[in-house]
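So the protein lines, in turn, are chains A and B. The first sequence: position 26 = 20 (the numbering used here), numbered continuously. The second sequence: position 51 = 45 (the numbering used here), numbered continuously. Virtual Cβ for every residue (Gly too), placed ideally from N, Cα, C.
Number of protein chains: 2
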Amino acid sequence: MMDIVIPIYEDFTALDAIGPYEVLSRTGGRVRFVGREAGPVRTDNGMLSVVAEATLEEATAPDIVVVPGGVSTRTVAEDPVWLEWLRTVHATSTWTTSVCTGSLLLGAAGILDGLQATSHWLHLETLRRYGAEPTGRRVVEQGKVITAAGVSAGIDMALTLAARIAGDDAARAIQLGIEYDPQPPFDAGSVEKADPRLVEAIRAAVAEREARSRQRAGV
Amino acid sequence: MMDIVIPIYEDFTALDAIGPYEVLSRTGGRVRFVGREAGPVRTDNGMLSVVAEATLEEATAPDIVVVPGGVSTRTVAEDPVWLEWLRTVHATSTWTTSVCTGSLLLGAAGILDGLQATSHWLHLETLRRYGAEPTGRRVVEQGKVITAAGVSAGIDMALTLAARIAGDDAARAIQLGIEYDPQPPFDAGSVEKADPRLVEAIRAAVAEREARSRQRAGV
């Protein structure tokens, strides 16, 4: 049975983690949420807590790791415990993956050096800081490293990964099981498709949210 | 500020709840997860707990209620506390909504009588038991009642709802914020599109999972 680990931290983005969890939990593998400490971990908007069932130390050799993004990745990326843990799990993982700004954590751990990678569109250029080459693709596979674009892209990434580990038919069955036949009421889900005014509105909102997060963290 | 309540129960499906949460939390409203008791609530596969921040009794007059599905809806639908709570919140809600088999709970509470509605494709016909007319549409709006199809359809439903409460541009900004530009690697997300063999495989798997859930519940 595949050991699939999703590490979570204060101010992570829930859908980044729960999208892949919902898909990968249906592959026959075991999914575990882990944190620096076991117990409830608060999401980025402060409205929800998800429980870390175990500590990082209790999950150092998963087959698959899925690193979600969040508004606090700048803080997490400076935490030697997190970086060392990411390096440790990557050393023996079969797949090392991220969603949204989770890729910045992989980058900070040195895992993306020389690779193509993606992230939330707001943070693509930050990948260069870690020696990665940003791409606008939604799911980027480089050897055993797979990065996904922002938030909801984790569902597409996880279906791609499910096909690798359980076969195309199993992935199709999962897609049907979660009735993933997307029909968004608008077509504004990427920078290329959205109105430039909206792009700027988001940039402003996220900058403000990040400032609040840093304030809460006392940074 | 809109009071948005997501009631959760043992064996609910995480993405049913977290998809709408991720969208609606970005409308400017406050999202609260509530349960029969406050505290961690285990999801359908036993691999994850999400925290109910308050009890049902502490949230009887939300503006919006979003009822997720799960493998235990048959049990919940027989619980008078749940049914009474659903009737109470529906009496004063601005919007009463469901994802996946959450519609069976709305149905059991008498909320769908005479309405068109949807659910997970496996359970569409069960809606007739509650006087509802099943439709194959992904998001079904009937006055203030909106039902969504299986699991991932909650994201599309929530974007539709976000447009109603915050305007089309706000909904588009949210779609861009969560980078919801779906690109599933397969096209098997609905009964019409998937291979009939896969449809049958899912039917068998879900029947088995439901039997296990009833066994755990001692039913």
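{"Item": "DSSP three-state call for Pro56 of chain B: helix, strand or coil?", "Value": "coil"}
{"Item": "Report yes or no: is there a C-beta of chain A within less than 9 Å of the C-beta of Ala85 of chain B?", "Value": "no"}
{"Item": "Residues of the region 95 to 117 of chain B with a CB closer than 7 Å to any CB of chain A: list them in chain order, please.", "Value": "His114, Trp115"}
{"Item": "Report yes or no: do three or more beta-carbon pairs, one from the region 167 to 184 of chain B and one from the region 139 to 155 of chain A, lie closer than 8 Å?", "Value": "yes"}
{"Item": "Would you verify that the beta carbon of Val185 of chain A is, or is not, closer than 9 Å to some beta carbon of chain B?", "Value": "yes"}
{"Item": "Can you give the beta carbon distance from Leu121 of chain A to Ser92 of chain A, rounded, assuming they're within the 8 Å contact cut?", "Value": "Their Cβ separation, rounded to whole angstroms, is 11 Å, which puts Leu121 of chain A and Ser92 of chain A out of contact at 8 Å."}
{"Item": "So what's Gln169 of chain A in DSSP terms, helix, strand or just coil?", "Value": "helix"}
{"Item": "DSSP three-state call for Asp181 of chain B: helix, strand or coil?", "Value": "coil"}
{"Item": "Excluding sequence positions up to five away, which residues of its chain have a Cβ less than 6 Å from the Cβ of Thr129 of chain A?", "Value": "Gln110, Thr112"}
{"Item": "Checking contacts by CB at 9 Å: is Met(-5) of chain B closer than that to chain A?", "Value": "no"}
{"Item": "Measure how close the beta-carbons of Ile2 of chain A and Ile12 of chain B come, nearest whole angstrom, since I'm counting them as under 8 Å.", "Value": "That pair is no contact at about 13 Å."}
{"Item": "Pick out whichever of A:His117, A:Asp162, A:Cys94 has its Cα sitting closest to the Cα of Phe180 of chain B.", "Value": "A:Asp162"}
{"Item": "Using a Cβ-Cβ distance under 9 Å, would Thr20 of chain B count as near chain A?", "Value": "It should be pointed out that residue 20 of chain B corresponds to Arg in this sequence rather than to Thr. Chain A contact via Cβ: present."}
{"Item": "Mind listing which residues of the region 138 to 164 of chain B have their C-beta closer than 8 Å to chain A's C-betas, in chain order?", "Value": "Ala143, Gly144, Val145, Ser146, Ala147, Ile149, Asp150, Leu153, Thr154, Ala157, Asp162, Asp163"}
{"Item": "Using a Cβ-Cβ distance cut-off of 9 Å, determine whether Thr120 of chain B contacts chain A.", "Value": "no"}
{"Item": "Buried or exposed: Gln209 of chain A, going by 16 or more other Cβ atoms within 10 Å of its Cβ?", "Value": "exposed"}
{"Item": "When DSSP labels each residue in this structure, what does Ser97 of chain B get in the three-state scheme?", "Value": "helix"}
{"Item": "Going along the region 40 to 62 of chain A in order, which residues come within less than 8 Å of chain B, judged by CB to CB distance?", "Value": "Met41, Leu42, Ser43, Val44, Val45, Glu47"}
{"Item": "With 9 Å as the threshold, decide whether the Cβ of Arg132 of chain B is near any Cβ in chain A.", "Value": "yes"}
{"Item": "Establish whether the CB of Val25 of chain B and some CB of chain C are separated by less than 9 Å.", "Value": "Looking for chain C here will not work: the only protein chains present are A and B."}
{"Item": "For Glu214 of chain B, which residues of its own chain have a beta-carbon under 7 Å away from its beta-carbon, when the five flanking residues on both sides are left out?", "Value": "The structure shown does not extend to residue 214 of chain B, since chain B is modelled only from -5 through 213, so no value can be given for it."}
{"Item": "Keeping to the same chain, check which residues put their C-beta closer than 6 Å to that of Thr82 of chain B; ignore five residues upstream and five downstream.", "Value": "Thr54"}
{"Item": "Can you tell which of B:Phe6, B:Asp5, B:Ser19 has the C-alpha that lies nearest to the C-alpha of Ala8 of chain A?", "Value": "B:Ser19"}
{"Item": "Where does Arg26 of chain A fall in DSSP's three states?", "Value": "strand"}
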